[in-house]
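J.:
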Amino acid sequence: MKTWKRIRHFWSRRQYERDLAEEIRLHREMAGAAFGSAALALEDSRAVWGFAWLESLAQDVRYALRGFRKTPGFALTVVATIGLALGLNTTLFTVFNAYVLRPIAVADPYSLYGFTWTNQRGAGHAFTVRDYEEFRQSEVAFSDVLAYETMFAALDGHTMVGQAVSGNFFQLLRAGTFLGRPLLPADSDVIVLSHATWQDRFGADPLIVGKTLHLRGYPLEVVGVANPAFGGVADFPSSFWVPLAAYSQVEGQPPENVTVVGRLRPGLSPQTTRAALAVWARQATAGLPDAQKATGVRLQSHATMIPFTRDSLAFTIPVFIAFGLVLLIACANVSSMMLARAPARQREIGIRVSLGAGRARLVRQLLIESLLLAIPAAAAGFVISKAAMDFGTRLMYATLPEEFAQVVRIVELSPDARVFGFILLASLAATLLFGLAPAIQTTRSRLVQANRGDFSSDYRPTRLRNALVVTQVTVCALLLISAGVVLRCELRLSVQDFGVQTRGVFGVRLADRFQAAAAAALASQPDVEAVAAVWKAPLYGALRRIAVVPSGNKDTILQGYNFVSAEYFRLFRIPLLRGREFAAEESLAEAPVVVVSESAARRLWPNRDAVGQTIAIRTEPGKDPYFSRLPAYRTALVIGVARDVMNGWTNTGRDTDCLYFPTNPKAANNEALLVRASSRKTVEEALDRIAPSAADYISRMDEAAASQSYPFRVVFWITAFLGGLALALTVSGIYGVLSYLVSQRTREIGIRVALGAGTGSVIRMVMQQSMLLAAIGTALGALCALAAAPVFTHTVAALQPYDAVAYAGGVFLVLAAAVGAAFYPSRRAAGIDPAITLRSD
Amino acid sequence: MGTHKSDSSPDFLPGTLEMLILKTLSRGHNHGWGIAQHIQQVSKDSLKIGEGSLYPALQRLLLNDYVEAHWGVTENNRRARYYRITAAGRKQLDQEKRSFEFLLAGIARVMEA
Numbered sequence: 001m002k003t004w005k006r007i008r009h010f011w012s013r014r015q016y017e018r019d020l021a022e023e024i025r026l027h028r029e030m031a032g033a034a035f036g037s038a039a040l041a042l043e044d045s046r047a048v049w050g051f052a053w054l055e056s057l058a059q060d061v062r063y064a065l066r067g068f069r070k071t072p073g074f075a076l077t078v079v080a081t082i083g084l085a086l087g088l089n090t091t092l093f094t095v096f097n098a099y100v101l102r103p104i105a106v107a108d109p110y111s112l113y114g115f116t117w118t119n120q121r122g123a124g125h126a127f128t129v130r131d132y133e134e135f136r137q138s139e140v141a142f143s144d145v146l147a148y149e150t151m152f153a154a155l156d157g158h159t160m161v162g163q164a165v166s167g168n169f170f171q172l173l174r175a176g177t178f179l180g181r182p183l184l185p186a187d188s189d190v191i192v193l194s195h196a197t198w199q200d201r202f203g204a205d206p207l208i209v210g211k212t213l214h215l216r217g218y219p220l221e222v223v224g225v226a227n228p229a230f231g232g233v234a235d236f237p238s239s240f241w242v243p244l245a246a247y248s249q250v251e252g253q254p255p256e257n258v259t260v261v262g263r264l265r266p267g268l269s270p271q272t273t274r275a276a277l278a279v280w281a282r283q284a285t286a287g288l289p290d291a292q293k294a295t296g297v298r299l300q301s302h303a304t305m306i307p308f309t310r311d312s313l314a315f316t317i318p319v320f321i322a323f324g325l326v327l328l329i330a331c332a333n334v335s336s337m338m339l340a341r342a343p344a345r346q347r348e349i350g351i352r353v354s355l356g357a358g359r360a361r362l363v364r365q366l367l368i369e370s371l372l373l374a375i376p377a378a379a380a381g382f383v384i385s386k387a388a389m390d391f392g393t394r395l396m397y398a399t400l401p402e403e404f405a406q407v408v409r410i411v412e413l414s415p416d417a418r419v420f421g422f423i424l425l426a427s428l429a430a431t432l433l434f435g436l437a438p439a440i441q442t443t444r445s446r447l448v449q450a451n452r453g454d455f456s457s458d459y460r461p462t463r464l465r466n467a468l469v470v471t472q473v474t475v476c477a478l479l480l481i482s483a484g485v486v487l488r489c490e491l492r493l494s495v496q497d498f499g500v501q502t503r504g505v506f507g508v509r510l511a512d513r514f515q516a517a518a519a520a521a522l523a524s525q526p527d528v529e530a531v532a533a534v535w536k537a538p539l540y541g542a543l544r545r546i547a548v549v550p551s552g553n554k555d556t557i558l559q560g561y562n563f564v565s566a567e568y569f570r571l572f573r574i575p576l577l578r579g580r581e582f583a584a585e586e587s588l589a590e591a592p593v594v595v596v597s598e599s600a601a602r603r604l605w606p607n608r609d610a611v612g613q614t615i616a617i618r619t620e621p622g623k624d625p626y627f628s629r630l631p632a633y634r635t636a637l638v639i640g641v642a643r644d645v646m647n648g649w650t651n652t653g654r655d656t657d658c659l660y661f662p663t664n665p666k667a668a669n670n671e672a673l674l675v676r677a678s679s680r681k682t683v684e685e686a687l688d689r690i691a692p693s694a695a696d697y698i699s700r701m702d703e704a705a706a707s708q709s710y711p712f713r714v715v716f717w718i719t720a721f722l723g724g725l726a727l728a729l730t731v732s733g734i735y736g737v738l739s740y741l742v743s744q745r746t747r748e749i750g751i752r753v754a755l756g757a758g759t760g761s762v763i764r765m766v767m768q769q770s771m772l773l774a775a776i777g778t779a780l781g782a783l784c785a786l787a788a789a790p791v792f793t794h795t796v797a798a799l800q801p802y803d804a805v806a807y808a809g810g811v812f813l814v815l816a817a818a819v820g821a822a823f824y825p826s827r828r829a830a831g832i833d834p835a836i837t838l839r840s841d
Numbered sequence: 842m843g844t845h846k847s848d849s850s851p852d853f854l855p856g857t858l859e860m861l862i863l864k865t866l867s868r869g870h871n872h873g874w875g876i877a878q879h880i881q882q883v884s885k886d887s888l889k890i891g892e893g894s895l896y897p898a899l900q901r902l903l904l905n906d907y908v909e910a911h912w913g914v915t916e917n918n919r920r921a922r923y924y925r926i927t928a929a930g931r932k933q934l935d936q937e938k939r940s941f942e943f944l945l946a947g948i949a950r951v952m953e954a
């Protein structure tokens, strides 16, 4: 009823206005005297009819738009500044959303949980295929369980990362296919391609189903292409899926371990399931030795690519903070721009106040103005984020070491409701940030002064503006110092001597059964200098550890170890400091001898000659798959000491101590052959003679070395970009504040000059203002960086967060920028002519 | 009439002004100025109602259908908007009167205790 009346009123509101105005006029006439504001009475009466807010809203919007038309430069600057910052944050959120928030494209993703049990050391049990089958048959807690193992193999000449999966994989997930059919439990020699692989590698061939592809030279029939959105259940998109049976055929043995993922029974909560699994795991491991008994279970949601856990948050929060700070700076900049406009607005607002406008109404008006700026800024941000993602992806593939670029696949980065929600919230937050403070400040006007025509005396926003500038400088210093720290770390890594001469060396990964033939074929190639077999190629991750007892000692020491053939040291130009390399016979026989690295020799036999000593191996075979390959002997004789080299991830910085045991290309379980050759083509030619797609992967070792510092390079460029942006915003912020200050103090400066102040002292006065703010800001920024430092020392060992040079560089850059920003305003102040300024009033 | 402290009189308890207007109109239809005058006279000048509170209150009553408005002519032959109480308005007046008396009695008891 009331709503209906309101709507009717809204239609005839012109008539209503006229009536009301006449009524009030009459009232005043009869009263014979006017008191109070007729406008206020009108406005309050109008407000009763409810839709008035709508009308006054429309009024405010019209008014704001008119204002923007008058100063388009201001509106454009605000939209561009906020749009850029919003765009960057949206980009980050889109990536975060795609990996951590968006559920994977399967039926009921939230009921999928990865499962393993943990032993007393807290290590998760690694399921074998047999473990998995037993677990599945026991039908505990889950309605069904799948298993998968990641495969890294060449499919028709393209190296890819795919998954070998249990037969029920597609049925359990109910993922469906785009073409053909999914994998079924009875399948063996078949393959399902991902939609992206089908498009990128096979030209979206509509007749692909039924064709035969070679995975590591083993023929598989294509039975289907998965749905475009489906990427499997691992934390990266898979390029293909094959049955576990095909894995055994391709690799010559079933996978050592599989990851197990179950679907909750309908109506069963994760907590109940966890409890049931804990009971089951304890029973299942009851007969095993204590070290292998289950003490707990781990249940991890597989609803998204990367689970939303404390770990994933710990990694992303610093990134979000860095991006958020840029948004904060942008808001601060816009805020101070609005404050700079304030004196002009003050007059207009004073007039409105004296006409009876309420403060709430004025604040609302100013906030609507901010909101009207935020809406196009959000749209601009969306467009910018799209462009940034395209550009970023292309940049990543262009700068990534070639060997990674061919296998790395990123998820589809499409915006969805969550992304739009984020933009909406972020732009609203930005509006409040940049609009509220100026709105409150500006409306703090007193009626009396406004009536007198004096609109400036009450206006003291200096403190707020100073706070904004200090915030900007702080954030800017923090980002630049961080960029400096990362840059120095990257430089340290890239000039670091790995000790292995990687130029001209290729790593060839291929199945065991091809290795002997491949080594022979490669060695017979004319421009191949050397071929070596190796268990774990260096620079591809930390060394495996083995427990040994050195002769003349009783303590067990954990040492990094590897298996290499005799040619390894020559191939990588690693000099032997003492003793000798393996003889060819020792390599072939896998004799009980060992070459130790310099640092290992120092650790095992301090102050003694290592050559001639023996080590006793204490690690038990087979207990833990992590130590899957052990020497067949229990003691080994040290025959040589090799110079230290970097073996694994260089950022761990502690993998130079290594025991080299002999091996040869015929031995099982070596992961790679290393070839020193003049060109990649030579290597490929030799390998093609063995079998189609025999090599999974041919990589250049110098790229592997370069890739060690790649993550740091990426982090540096991102931080440097954010820091640069922050610097630009800060410079314009300081410039704006000082320009405003100079224009406000023109008269005062004029008097000073008239009284004999020199150019130098005027410049000093303005500079002082800027330098004080900049000094406070940089000090705070450096303190923030120091406070954040301990977090990063724990996560990345190569990072030295207390890097004096980085700090000095960041601080210097910010201070220099502050001086630069203050230069022009101070010059203008120095140019003030007292004769003109003093006459103006 | 002199100066008036405030237009939107904060001296009224919320809703009392509407009650007074309804009471005034229950004696016959009247225009805005007439209502204000009546309340002032009857209260012996202790209640002065400014247009800033009178007209918003009248709008609230109109919106709730407690009064209706129509244009008429005053004794002095001037066009004016007259307000008349409706049946719903009378009911509302009764109810407000009761709750007001109840409230007043309560306040009195507290003040005399």
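The listed protein sequences derive, respectively, from chains A and B.
Going by my numbering, the first residue of the first sequence is number 1, and it counts up by one from there.
Going by my numbering, the first residue of the second sequence is number 842, and it counts up by one from there.
No residue lacks a Cβ here, since even glycine has one placed at the ideal position from N, Cα and C.
In this text, all values refer to a predicted model and were calculated from it rather than measured experimentally.
Does DSSP put Arg544 (chain A) in a helix, a strand or coil?
T.: Within the first sequence, numbered from 1, the residue matching residue 544 (chain A) stands at position 544. Strand, per DSSP.
J.: Quick one: grab the DSSP three-state call for Trp49 (chain A).
T.: Along the first sequence, one-based indexing puts residue 49 (chain A) at 49. In this structure, Trp49 (chain A) counts as coil in the three-state DSSP scheme.
J.: Could you check where the alpha helix (DSSP H) with Gly893 (chain B) kicks off and where it finishes?
T.: In the second sequence, residue 893 (chain B) corresponds to position 52, counting from 1. From DSSP, the alpha helix (DSSP H) with Gly893 (chain B) extends over 892-904.
J.: Between A:Glu369, A:Tyr110, A:Tyr132, A:Phe236, which has its C-alpha nearest Leu116 (chain A)'s C-alpha?
T.: By one-based count along the first sequence, residue 116 (chain A) stands at place 116. According to the sequence provided, residue 116 (chain A) is Thr. The question's Leu does not apply to it. Out of A:Glu369, A:Tyr110, A:Tyr132, A:Phe236, A:Tyr132 has the C-alpha closest to the C-alpha of Thr116 (chain A).
J.: Please confirm if Glu23 (chain A) has its CB atom under 7 Å from at least one CB of chain B.
T.: Locating residue 23 (chain A) in the first sequence gives position 23, where the first residue counts as 1. At least one chain B Cβ lies under 7 Å of Glu23 (chain A).
J.: For Ala147 (chain A) and Phe178 (chain A), which I take to be in contact (beta-carbon distance under 8 Å), what is that distance rounded to the nearest angstrom?
T.: Looking up residue 147 (chain A) in the first sequence gives position 147. Looking up residue 178 (chain A) in the first sequence gives position 178. Contact flag wrong, Cβ pair sits at about 24 Å.
J.: On a CA-only basis, which of A:Arg463, A:Glu221, A:Ala694 is nearest Ala518 (chain A)? Give me that one, please.
T.: By one-based count along the first sequence, residue 518 (chain A) stands at place 518. Of the listed residues, the one whose Cα sits closest to Ala518 (chain A) is A:Ala694.
J.: Against chain A, with Cβ distances strictly below 7 Å, would Pro855 (chain B) count as a contact?
T.: The residue labelled residue 855 (chain B) in the question sits at position 14 within the second sequence. Not an interface residue.
J.: What residues in its chain sit with their C-beta under 8 Å from that of Trp280 (chain A), if we drop five residues either side in the sequence?
T.: Position 280 of the first sequence, counted from the start, is the residue given in the question as residue 280 (chain A). These residues qualify, in order along the chain: Ser138, Val140, Ala141.
J.: For Tyr907 (chain B), decide whether its Cβ has a neighbour in chain A, counting only Cβ atoms nearer than 7 Å.
T.: Along the second sequence, one-based indexing puts residue 907 (chain B) at 66. Chain A contact via Cβ: absent.
J.: May I ask you to report which of helix, strand or coil DSSP gives Glu149 (chain A)?
T.: In the first sequence, counting from the first residue as 1, residue 149 (chain A) sits at position 149. Reduced to three states, the DSSP call for Glu149 (chain A) is strand.
J.: Report yes if the C-beta distance between Ile208 (chain A) and Val190 (chain A) is below 7 Å; otherwise report no.
T.: As a first step, residue 208 (chain A) is located in the first sequence; it is residue number 208 there, counting from the start. As a first step, residue 190 (chain A) is located in the first sequence; it is residue number 190 there, counting from the start. No.
J.: Quick one: which residues of the region 888-902 of chain B get their C-beta closer than 7 Å to a C-beta of chain A? List them in chain order.
T.: Against chain A - using a Cβ distance shorter than 7 Å - the residues of the region 888-902 of chain B are Gly891, Glu892, Gly893, Tyr896, Pro897, Gln900, Arg901.
J.: With a cut-off of 8 Å, do at least 3 Cβ pairs link the region 196-204 of chain A to the region 243-251 of chain A?
T.: Counting Cβ pairs under 8 Å, fewer than three are found: no touch.
J.: Where Asn333 (chain A) and Leu193 (chain A) are concerned, what is the direct C-alpha to C-alpha distance, given to the nearest angstrom?
T.: The count along the first sequence starts at 1 and reaches residue 333 (chain A) at position 333. The count along the first sequence starts at 1 and reaches residue 193 (chain A) at position 193. Approximately 50 Å between the Cα atoms of the pair.
J.: To test your reading of the DSSP string, which unbroken beta strand (DSSP E) runs of 3 or more residues are found completely within the region 121-185 of chain A?
T.: Taking only runs of at least 3 residues, the beta strand (DSSP E) segments lying wholly in the region 121-185 of chain A are 142-155, 158-165, 177-180.
J.: If we define contact as Cβ-Cβ less than 7 Å, is Ala929 (chain B) a contact residue for chain A?
T.: Numbered from 1 along the second sequence, position 88 holds the residue referred to as residue 929 (chain B). Chain A, which has no Cβ nearer than 7 Å to the Cβ of Ala929 (chain B), makes this no.
J.: Could you compute how far the alpha carbon of Leu741 (chain A) sits from the alpha carbon of Glu369 (chain A)?
T.: The residue labelled residue 741 (chain A) in the question sits at position 741 within the first sequence. The residue labelled residue 369 (chain A) in the question sits at position 369 within the first sequence. Straight-line Cα distance between these residues: approximately 25 Å.
J.: So is Asp44 (chain A) in contact with chain B if we call contact Cβ pairs under 7 Å?
T.: Within the first sequence, the letter at position 44 stands for residue 44 (chain A). With 7 Å as the cut-off, Asp44 (chain A) counts as an interface residue toward chain B.
J.: May I have a chain-ordered list of the beta strand (DSSP E) segments no shorter than 3 residues that lie completely inside the region 179-250 of chain A?
T.: Correct list: 190-193, 212-215, 218-226, 240-243.
J.: Take Ser743 (chain A) as the anchor and find which of A:Met30, A:Tyr824, A:Gly203 has the nearest alpha-carbon.
T.: Sequence index remark: in the first sequence, residue 743 (chain A) carries index 743 (1-based). That would be A:Tyr824, whose Cα lies nearest to the Cα of Ser743 (chain A).
J.: By the criterion of Cβ-Cβ separation under 7 Å, what are the contact partners of Gly873 (chain B) in chain A?
T.: For the purposes of this step, residue 873 (chain B) is taken as residue 32 along the second sequence, with counting starting at 1. Within chain A, the residues near Gly873 (chain B) are Glu23, His27.
J.: Quick one: which unbroken beta strand (DSSP E) runs of 3-plus residues sit fully inside the region 576-661 of chain A? Chain order, please.
T.: As far as the region 576-661 of chain A is concerned, its whole beta strand (DSSP E) runs of at least 3 residues are 576-579, 593-597, 614-617, 635-642.
J.: Contact criterion: CB-CB distance below 7 Å. Does Val353 (chain A) meet it with respect to chain B?
T.: For the purposes of this step, residue 353 (chain A) is taken as the residue at position 353 of the first sequence. False, the Cβ-Cβ gap to chain B never drops below 7 Å.
J.: Where does the unbroken alpha helix (DSSP H) through Asp702 (chain A) begin, and where does it stop?
T.: Here residue 702 (chain A) corresponds to residue number 702 of the first sequence, with the count starting at 1. Element bounds for Asp702 (chain A): 701-708.
J.: If you draw a straight line from the alpha carbon of Pro401 (chain A) to that of Tyr710 (chain A), how long is it in whole angstroms?
T.: The count along the first sequence starts at 1 and reaches residue 401 (chain A) at position 401. The count along the first sequence starts at 1 and reaches residue 710 (chain A) at position 710. Going by the C-alpha atoms only, they are around 8 Å apart.
J.: For Ser301 (chain A), report the span of its beta strand (DSSP E) as first-last.
T.: Along the first sequence, read from residue 1 onward, the residue named residue 301 (chain A) stands at position 301. It spans 296-301 - the beta strand (DSSP E) in which Ser301 (chain A) sits, taken as one unbroken run.
J.: To the nearest angstrom, how far is it from the Cα of Gly73 (chain A) to the Cα of Ala80 (chain A)?
T.: On the first sequence, residue 73 (chain A) is found 73 positions in, with the first residue counted as 1. On the first sequence, residue 80 (chain A) is found 80 positions in, with the first residue counted as 1. So the alpha carbons of these two residues sit roughly 10 Å apart.
J.: Cα separation between Gln472 (chain A) and Leu425 (chain A)?
T.: Translated into the one-based positions of the first sequence, residue 472 (chain A) becomes position 472. Translated into the one-based positions of the first sequence, residue 425 (chain A) becomes position 425. Going from the Cα of Gln472 (chain A) to the Cα of Leu425 (chain A) covers about 22 Å.
J.: Whose CA, out of A:Cys476, A:Gln171, A:Thr71, A:Thr393, lies closest to the CA of Ala774 (chain A)?
T.: Indexing the first sequence from 1 puts residue 774 (chain A) at position 774. Ala774 (chain A) has its Cα closest to that of A:Cys476, out of A:Cys476, A:Gln171, A:Thr71, A:Thr393.
J.: Determine, using beta carbons only, whether Val742 (chain A) comes closer than 7 Å to chain B.
T.: Locating residue 742 (chain A) in the first sequence gives position 742, where the first residue counts as 1. For Val742 (chain A), the answer is no, since every Cβ of chain B falls outside 7 Å of its Cβ.
J.: Assess, as a yes-or-no matter, whether the region 712-731 of chain A is touched by the region 420-435 of chain A under the definition of 3 or more beta carbon pairs within less than 8 Å.
T.: The region 420-435 of chain A, when compared against the region 712-731 of chain A, does not touch it at the 8 Å Cβ threshold.
J.: Let me see if you follow: with CB-CB separation under 7 Å, is Ala41 (chain A) close to chain B or not?
T.: Along the first sequence, one-based indexing puts residue 41 (chain A) at 41. Chain B, which has a Cβ nearer than 7 Å to the Cβ of Ala41 (chain A), makes this yes.
J.: Alpha carbon to alpha carbon, what distance is there between Thr746 (chain A) and Ile832 (chain A)?
T.: Here residue 832 (chain A) corresponds to residue number 832 of the first sequence, with the count starting at 1. Here residue 746 (chain A) corresponds to residue number 746 of the first sequence, with the count starting at 1. Approximately 7 Å between the Cα atoms of the pair.
J.: Using a C-beta to C-beta distance shorter than 8 Å, which residues of chain B count as neighbours of Ala360 (chain A)?
T.: Residue numbering aside, residue 360 (chain A) sits at position 360 when the first sequence is read from its first letter. Within chain B, no residue comes near Ala360 (chain A); the closest Cβ sits about 14 Å away, beyond 8 Å.
J.: Identify, in the order they occur along the chain, each residue of the same chain with its Cβ nearer than 8 Å to the Cβ of Tyr247 (chain A), setting aside the five sequence neighbours on each side.
T.: The sequence position of residue 247 (chain A) within the first sequence is 247, counting from 1. Hits under 8 Å: Glu149, Met151, Ala164, Pro254, Pro255.
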